[in-house]
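Report on the structure given below.
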Amino acid sequence: MENYLIKKARLTDGQVVDILVHKGVIKEIAANIESNEQIISFGNDFVSAGWMDIHTHCFNKFETYGDKADLVGYRQGVCTVVDAGTSGSDTIDELYQQASKAKTRVYSLLNIACTGIYAQNELADLNHLKRQEILEAYQKYPEFIIGIKARMSKSVLGDSGNQPLHFAKELQKELNLPLMVHIGSAPSKLEEIMDSLDKGDIITHIFNPKENGIKDGNQIKECVYKAIEKGIYLDLGHGTDSFSFNVAKLALDNGIMADTISSDIYFRNRINGPVYDLATTMTKLLAIGYSLNQVIDKVTNMPAKLFNLSHFGKIEVGKTADFTIFRLEEKDIELKDSSGKVMTYHQSITPTNVIVKNQLYNLTEDK
Ligand SMILES: [Zn+2]
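Read left to right, the sequence shown gives residues 2 to 368 (this note's numbering).
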């Protein structure tokens with residue numbers, strides 16, 4: 002399905018428009034378009050640019066973290082998933098093979114440890130930092146590797162200190178790619194990490210409930226404001242242990258929002274929660290006070306911007322025709338964060354259809 006017309010698409014900004022797609026690219030957007038192409042319509046459901054989840058574990062190899070791209074991708078209304086460091090240079094060929102078979106678009110943030118997340122502590126052994134192999138991996142897959150990933154927390158680092166972060170920074174400058182840094186328990190201390198990062202770098206797990214997180218009593222740590230001023234991006238990265246309603250709400254009360262909403266999903270927290278899917282993560286942000294438009298922006302436009310994937314992320318003439326179609330269901334839903342705190346909300350974001358790589362999937366029939 003390369004050429005078609007979406008009639009009366011309801012956008013999240015309140016507009017209702019016709020969208021003409023030609024050869025998989027948005028050709029025209031107007032109030033009323035006449036065309037001989039196949040016509041599709043999604044009734045009262047919202048049509049947004051295809052959702053992108055920039056923190057997933059969609060490499061199906063290791064027991065620690067992993068999943069199949071399509072299970073966390075198109076089947077959950079997500080057009081593009083980014084594998085955030087499950088794979089390093091040792092296994093990038095295999096991730097690439099898996100990715101090329103997926104119906105979902107897949108990209109990689111290459112782990113700076115050559116092993117990837119084969120075990121929880123991939124950076125405890127400094128021998129895993131192999132500069133040449135990373136350069137070669139990038140040379141081989143320049144379109145597929147869109148950034149690098151460093152997990153800077155106690156259980157990952159062992160006694161390695163901040164050396165992996167310095168390694169990542171040097172490498173990043175050489176490759177001119179965005180760097181995503183995961184934060185958690187110290188070491189490394191949040192202040193040190195923030196100090197080392199620059200404009201365009203990304204911190205993930207921003208609303209984690211740990212002591213080394215962004216919250217200090219009833220305040221947000223000073224280093225967070227400095228980081229935002231520098232142009233560092235804040236990514237949600239929900240995960241099993243890394244999202245707290247309290248921290249997210251305190252941040253919002255202080256004018257701080259996540260720039261991107263991502264799930265940190267893999268098979269365990271997909272099946273058992275508390276993540277389940279990106280849509281549920283998005284609903285949680287609605288529940289704490291983000292607007293629908295903001296939530297959608299943070300899974301479409303912002304991820305595309307952070308990773309220079311400029312042909313995605315917007316419903317605009319010339320962009321790739323990936324769409325996520327969803328409804329806001331009016332029903333009471335219980336939402337759980339990583340600390341086990343439960344919030345009840347009266348609406349739920351539910352994807353109903355997705356168009357990715359020129360294929361339309363009806364998700365309500367598939368289930
Ligand atoms: Zn992760």
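Ideal Cβ positions, reconstructed from N, Cα and C, are used throughout, including at glycine.
By Cβ distance, which residues of its chain are closer than 7 Å to residue i, with the 5 residues on each side in sequence left out?
i    : result
C115 : G89, S90, D91, H129, K131, E134
V18  : A10, L12, I30, A31, A32
Y66  : H58, T87, I118, Y267
L286 : I262, V296
D288 : Just to set this straight, residue 288 is Ala in the shown sequence, not Asp. Here the set comprises L336, M344, Y346.
S161 : L124, A125, L127
C224 : L191, E192, M195
T365 : T353
N45  : R11
A120 : T65
I34  : L6, D19, L21
E331 : H347, Q348
Taking residue i as part of the beta strand (DSSP E), name the residues at either end of that continuous run.
i    : result
A70  : That residue, A70, is in no beta strand (DSSP E); its alpha helix (DSSP H) goes 70-73.
Y234 : 234-236
L336 : 324-337
V83  : 79-85
V343 : 343-357
Q98  : Run containing Q98: none in the beta strand (DSSP E); it sits in the alpha helix (DSSP H), 93-102.
I40  : 39-42
R11  : 5-11
D18  : This sequence places Val at residue 18; Asp is not what is there. From DSSP, the beta strand (DSSP E) with V18 extends over 17-23.
T205 : 203-205
Sorry if obvious, but does the Cβ on residue i come closer than 7 Å to a heavy atom of ligand 1?
i    : result
H183 : yes
D68  : no
H239 : no
A169 : no
H58  : yes
A85  : yes
D126 : no
D265 : yes
Note down, in chain order, each residue of its chain lying with its Cβ closer than 8 Å to the Cβ of residue i, except the 5 sequence neighbours on either side.
i    : result
M53  : V79, C80, T81, V82, V83, V300, T301, P304, A305, L310, F313, G314
F308 : I55, V83, Y108, I147, G148, P179
N219 : L251
R271 : D68, L72, V73, Y277, D278
T284 : I334, L336, Y346, Q348, S349, I350
Give the DSSP-derived three-state secondary structure of residue i in the structure shown.
i    : result
Q121 : coil
T261 : strand
P165 : helix
F244 : coil
K222 : coil
S49  : strand
E29  : strand
K155 : helix
Q140 : helix
M181 : strand
L310 : coil
A305 : helix
A187 : coil
I266 : strand
N112 : strand
K211 : coil
L130 : strand
Q173 : helix
Check the C-beta distance from residue i over to residue j and give it rounded, since I have them as a contact under 8 Å.
i    : j    : result
Y234 : I266 : Rounded, the Cβ-Cβ distance is 20 Å, inconsistent with contact.
V276 : S264 : 5 Å
T321 : V26  : 6 Å
D323 : G15  : Going by Cβ atoms, the distance from D323 to G15 rounds to 22 Å, so no, they are not a contact pair.
N163 : S189 : 5 Å
S245 : D333 : At roughly 22 Å, the Cβ-Cβ gap does not stay under 8 Å, so S245 and D333 are not in contact.
R106 : V357 : 6 Å
A138 : I93  : 5 Å
Q99  : F60  : 7 Å
Span of the alpha helix (DSSP H) holding residue i?
i    : result
Q295 : 293-298
I1   : Nothing about residue 1 can be reported from this structure: the residues present for the chain run from 2 to 368 only.
I194 : 191-197
Go through its chain and collect everything with a Cβ distance to residue i's Cβ below 6 Å, but skip five positions before and after it.
i    : result
D242 : S339
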